[in-house]
Amino acid sequence: TGVGLDVYKAASERLIPATLELGGKSANIFFEDANWKQALDGAMLGILFNQGQVCCAGSRIFVQDTIYDKFV
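Position 53, counted from 1, in the sequence shown is what UniProt numbering calls 53; the numbers after and before it change by one each time, with no gaps.
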């Protein structure tokens, strides 16, 4: 990200050792042939496990267009 690059640049200009946390948004992807109960249980566990305080928390959901209305 832009902010990550700014932090990296500032640290390198000052010769300060820096480690950047590069965790991102992990997606759940739902297709029309999914087992609904298993998929929804997994999605809820993915975001709520450890109060969402993990870098791989499933914080985004992509749904196949053919099942979008049913999902929402």
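Glycine is no exception: its CB is placed at the ideal position from the N, C-alpha and C atoms.
Leaving aside the five residues before and after residue i along the sequence, list all residues of the same chain whose C-beta is less than 7 Å from its C-beta, in chain order.
{"i": "Ala43", "result": "Asn28, Gly58, Ile61"}
When you compare the CB positions of residue i and residue j, do they come within less than 7 Å of one another, or not?
{"i": "Ala18", "j": "Phe30", "result": "no"}
{"i": "Thr66", "j": "Glu32", "result": "yes"}
Which two residues bound the contiguous beta strand (DSSP E) that contains residue i?
{"i": "Ile61", "result": "58-63"}
{"i": "Ile29", "result": "26-30"}
Which residues in the same chain have their Cβ closer than 6 Å to the Cβ of residue i, if we skip the five residues on either side of it in sequence?
{"i": "Cys56", "result": "Ser26"}
Starting from residue i, trace the alpha helix (DSSP H) both ways and give me its first and last residue.
{"i": "Asp6", "result": "2-13"}
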